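Chains F and Y are the protein sequences, given in the same order.
Mind the numbering: the first sequence is residues 13 to 249 in the numbering used here, read in order.
Mind the numbering: the second sequence is residues 22 to 236 in the numbering used here, read in order.
First the structure, in the form of structure tokens, and then the observations on it.
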Amino acid sequence: MRHVYEFTAGESTPDVEKLLAREVGGAPVPDRLRHLFQQALAHFESLATRAAIVAETSADAFVQIYRGEGLNAPSAPLDVIIPRAQRLALFAATVGDAASAEIGILFGRGEPAAGYALDIIASEATNMLADAAALRFLRLQQARRAVGEDARVLPYSPGYCGWHVSGQRSLFEALQPGAIGITLSHSFLMRPLKSVSGVLVAGPPPAHRFKPTYDFCEDCTTHECRGRMASVLRAPR
Amino acid sequence: MTTPLLDGISSALQRGDRDAVVALTREAIDAATPASSLLNQGLLAGMRVVGAKFRDYEMFLPDVLLAARAMTAAMELLRPLLVADGVPLAGRVVLGTVKGDLHDIGKNLVGIMLQGAGFDTVDLGVDVDPDAFAEAAVTHGATVIGMSALLTTTMIGMKDVIRALEHRGLRDRIRTVVGGAPVSQAFAVEIGADGYAADAPGAVALVRALARVSS
Ligand code: SF4
Chain F
13 MRHVYEFTAG
23 ESTPDVEKLL
33 AREVGGAPVP
43 DRLRHLFQQA
53 LAHFESLATR
63 AAIVAETSAD
73 AFVQIYRGEG
83 LNAPSAPLDV
93 IIPRAQRLAL
103 FAATVGDAAS
113 AEIGILFGRG
123 EPAAGYALDI
133 IASEATNMLA
143 DAAALRFLRL
153 QQARRAVGED
163 ARVLPYSPGY
173 CGWHVSGQRS
183 LFEALQPGAI
193 GITLSHSFLM
203 RPLKSVSGVL
213 VAGPPPAHRF
223 KPTYDFCEDC
233 TTHECRGRMA
243 SVLRAPR
Chain Y
22 MTTPLLDGIS
32 SALQRGDRDA
42 VVALTREAID
52 AATPASSLLN
62 QGLLAGMRVV
72 GAKFRDYEMF
82 LPDVLLAARA
92 MTAAMELLRP
102 LLVADGVPLA
112 GRVVLGTVKG
122 DLHDIGKNLV
132 GIMLQGAGFD
142 TVDLGVDVDP
152 DAFAEAAVTH
162 GATVIGMSAL
172 LTTTMIGMKD
182 VIRALEHRGL
192 RDRIRTVVGG
202 APVSQAFAVE
212 IGADGYAADA
222 PGAVALVRAL
232 ARVSS
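So this is what it looks like as structure tokens:
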């Protein structure tokens, strides 16, 4: 089954205080930065058009898609997680072209601080959109009793954690996210730039756990998987 | 030697107050302040304080961008006078995102911060052909080329730019700097780039060092 979702601002509105805390690395946040980011958030909300497409898939079909051009790392988190998944769906989501384009326009107009703040907010909202799509998928599966009450859904994307970015090609062929305006270039670049794609994995909390000790983890600067694995122990919001 | 006017320019720059920086620069020009003093004791002095405060976590990247924006606006007024007086700029840098890649935020940050550091920049935009980098460096007399990529599939294009320089016999005259999320020091060494920077402030420091070597 394939669903196109539209989202309200409330479903992926970045928390400005959280972004500011990251920006200043724990130092007190100056009012001038708070003002800049609040303005950027208002600007973003005036431009964003949030949409996602979610298409259920089987484990067998996904393994073919995941294989892509054969460039994935020899072992990666999805190799461990997919066999434990209860339900899978391909997904793509975007905050739209206007928000993505405006960042470049602001830089071009000589407003780099505003462009920078808008970029940070748009990126965060895009990532939150993946979580919002994951939540819709979870609720749908729970309503169908296809997964348990304790099930959680996490998104994984080509270009991260051993899934080579060239996997975008087979993912796009199967998902066809042109329906919500997302296209792919020959170098696997999504347009609008503020878009996200990948697979939604539904399963009980233990299904999402793995040890991030792969070769490619040595170069990882975010170790985001730790927070994501911890998040499955909390109730979804 | 500083004057209250030059100190005022430096302070306004540190606050990121573009209108005040432009107004004071205009006032200093009208008062026949030498262009080199205006640049060094006014604008660049302010940017040095901003750089130091950024390093010490007293200012943050948006503050640096606001200061650089003010600096760029003042430089529009000052540039013709600097040229007329024969005052050398820090250098000229060609910037671009490599072929196949449309991400420009990192490149734009580097560009604005280079301008803030007193460099002239020629921004070729995104999806830039390797030959266009080499061509622009020659046309504009740049000594450094800065390349950005955000995808593992496009960062390979950086090597093509270095090859294009080699083909034209420019490899020793024009330095190359690479950056972007998937790029690393090891990759820079592998493709024969002159330097790698992990972020925009790092890129400015690197370009400064390379421009000094080139000149
Ligand atoms: S450490 Fe980094 S690369 Fe490794 S699995 Fe976690 S997020 Fe992915």
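A virtual CB, placed ideally from N, CA and C, is assigned to each residue, including glycine.
The structure presented is a predicted model; accordingly, all values stated were derived computationally and were not measured.
* Near V150(Y), what residues of its chain come up, given a Cβ to Cβ distance below 7 Å and the 5 sequence neighbours on each side ignored? -> According to the sequence as given, residue 150(Y) is Asp; it is not Val. So the list reads K120, once near-sequence residues are dropped.
* To do: Buried or exposed for K223(F), please, with buried defined as at least 16 other CB atoms from any protein chain shown within 10 angstroms of its CB.
  => Of the residues assessed, K223(F) falls on the exposed side of the cut-off, its CB having fewer than 16 other CB atoms within 10 angstroms.
* Is L116(Y) helix, strand or coil by DSSP? -> In the three-state reduction of the DSSP assignment, L116(Y) falls in the strand class, which pools E and B.
* Could you please give me the residues that DSSP links to I183(Y) through a beta bridge? => Beta-bridge analysis with DSSP links I183(Y) to no other residue.
* To do: Tell me whether E236(F) counts as near the ligand SF4, meaning its Cβ is closer than 6 Å to at least one heavy atom of that ligand.
  => Correct: E236(F) has its Cβ closer than 6 Å to the ligand SF4.
* Asked: Does L45(F) have its Cβ less than 7 Å from a Cβ in chain Y?
  -> At least one CB of chain Y lies nearer than 7 Å to the CB of L45(F).
* Asked: Among P189(F), V107(F), A146(F) and Y78(F), which one has its Cα closest to the Cα of P95(F)?
  -> Distance from the Cα of P95(F) is smallest, within the candidate group P189(F), V107(F), A146(F) and Y78(F), for Y78(F).
* Asked: In the segment 50 to 64 of chain Y, which residues sit with their C-beta less than 9 Å from some C-beta in chain F, listed in chain order?
  -> Listed by position along the chain: nothing, the set is empty.
* **Closer than 7 Å at the beta carbon, the chain Y residues around F200(F)** => By Cβ distance, chain Y contributes L172 and T174.
* Asked: Quick one: complete alpha helix (DSSP H) runs, 4+ long, within the segment 178 to 236 of chain F?
  -> Fully enclosed alpha helix (DSSP H) runs of 4 or longer: 179 to 187.
* **Every unbroken alpha helix (DSSP H) inside the segment 128 to 170 of chain Y [4 residues or more]** => Runs of the alpha helix (DSSP H) lying entirely within the segment 128 to 170 of chain Y, each at least 4 residues long, are 151 to 161 in chain order.
* Asked: For a contact meaning CB atoms closer than 9 Å, what does I115(F) contact in chain Y?
  -> Result: D125, I126 and N129.
* Determine the chain Y residues that contact Y128(F) at a beta-carbon separation under 8 Å, and present them in chain order. => Contact annotation for Y128(F) against chain Y: L82, P83, L86, I126 and L130 [CB-CB distance below 8 Å, chain order].
* Under the three-state DSSP convention, the category L191(Y) falls into -> Collapsing the DSSP output to three states places L191(Y) in coil.
* Assuming S195(Y) contacts A163(Y) (C-beta within less than 8 Å), just tell me the rounded distance between them. => Per the sequence shown, the amino acid found at residue 195(Y) is Ile instead of Ser. About 7 Å separates the CB atoms of I195(Y) and A163(Y); that is less than 8 Å, so the two are in contact.
* Does the ligand SF4 have a heavy atom nearer than 6 Å to the CB of P89(F)? -> For the ligand SF4, at least one heavy atom lies less than 6 Å from the Cβ of P89(F).
* Asked: Any heavy atom of the ligand SF4 within a distance shorter than 6 Å of the CB on P224(F)?
  -> Result yes, Cβ under 6 Å from the ligand SF4.
* Asked: Taking Cβ positions only, does G200(Y) come closer than 7 Å to chain F?
  -> Cβ-Cβ to chain F under 7 Å: no for G200(Y).
* Asked: Going along the chain, which residues of the segment 161 to 195 of chain F sit with their C-beta nearer than 9 Å to a C-beta in chain Y?
  -> Under the 9 Å Cβ criterion, the segment 161 to 195 of chain F contributes G171, H176, V177 and S178.
* **Alpha carbon of R246(F) to alpha carbon of L32(F), nearest angstrom** => Between R246(F) and L32(F), the C-alpha separation is close to 24 Å.
* Expected contact under 8 Å - CB spacing of F149(F) and A101(F) to nearest Å -> Yes, they are in contact, since the Cβ atoms of F149(F) and A101(F) sit about 5 Å apart, within 8 Å.
* DSSP-derived helix/strand/coil call for H47(F) -> Of the three classes helix, strand and coil, the one that applies to H47(F) here is helix, per DSSP.
* To do: Would you list the residues sitting across from H15(F) in a DSSP beta bridge?
  => Beta bridge pairing from DSSP links H15(F) with V66(F).
* Consult DSSP for A105(Y) and reduce its assignment to one of helix, strand or coil. => Helix, per DSSP.
* What do you reckon, are the CB atoms on V211(F) and Y172(F) nearer than 7 Å? -> In this structure, Y172(F) does not lie closer than 7 Å to V211(F) by Cβ.
* Kindly indicate the opening and closing residues of the alpha helix (DSSP H) around L90(F). => Element bounds for L90(F): P89 to I93.
* Asked: Leaving out five residues before and five after I194(F) in sequence, what residues of the same chain have Cβ atoms less than 6 Å from its Cβ?
  -> Close CB contacts of I194(F) within its chain, under the 6 Å cut and outside five residues either way in sequence, are with A104, T106, M202 and S207 (chain order).
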